[in-house]
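Note sheet for the following structure.
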């Protein structure tokens, strides 16, 4: 994804990758599965079906991941 944007400065790429690594480390295994599924283009319904959980669980995992990402970016 970051590689698809050649106009980015090298520092931005390094910082983006650093933040992504921190996010992956901060997320639970379930949150990582949800993020990976969204990255692969699956909808909320499809993610819930794939992971055999409710839509609400998927939405909650995304919300937690977003909050974690905002904390990482702001730190």
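Numbering (my numbering), first residue to last: 801 to 875.
Glycine residues also receive a C-beta, built at the ideal position from the N, C-alpha and C atoms.
Given the structure is predicted, the values throughout are model-derived calculations rather than measurements.
I think residue 865 touches residue 811, with their Cβ atoms under 8 Å apart; what is that distance to the nearest whole Å? Taking the chain shown and counting its residues from 1, one reaches residue 865 at position 65. Taking the chain shown and counting its residues from 1, one reaches residue 811 at position 11. About 24 Å; that fails the 8 Å criterion.
Under a Cβ-count criterion, where at least 16 other Cβ atoms within 10 Å of its own Cβ denotes burial, should residue 825 be classed as buried or exposed? The residue labelled residue 825 in the question sits at position 25 within the chain shown. Classification for residue 825: exposed.
With burial defined as no fewer than 16 other Cβ atoms inside 10 Å of the residue's Cβ, what is the status of residue 814: buried or exposed? In the chain shown, residue 814 corresponds to position 14, counting from 1. Residue 814 should be labelled exposed.
Which class does residue 822 belong to by DSSP, given the choice of helix, strand or coil? The residue given as residue 822 occupies position 22 in the chain shown. Assigned with DSSP and collapsed to three states, residue 822 falls in helix.
Cα-Cα separation between residue 834 and residue 872, rounded to whole angstroms: Walking along the chain shown from the start, residue 834 turns up at place 34. Walking along the chain shown from the start, residue 872 turns up at place 72. Spanning the two alpha carbons is a distance of roughly 19 Å.
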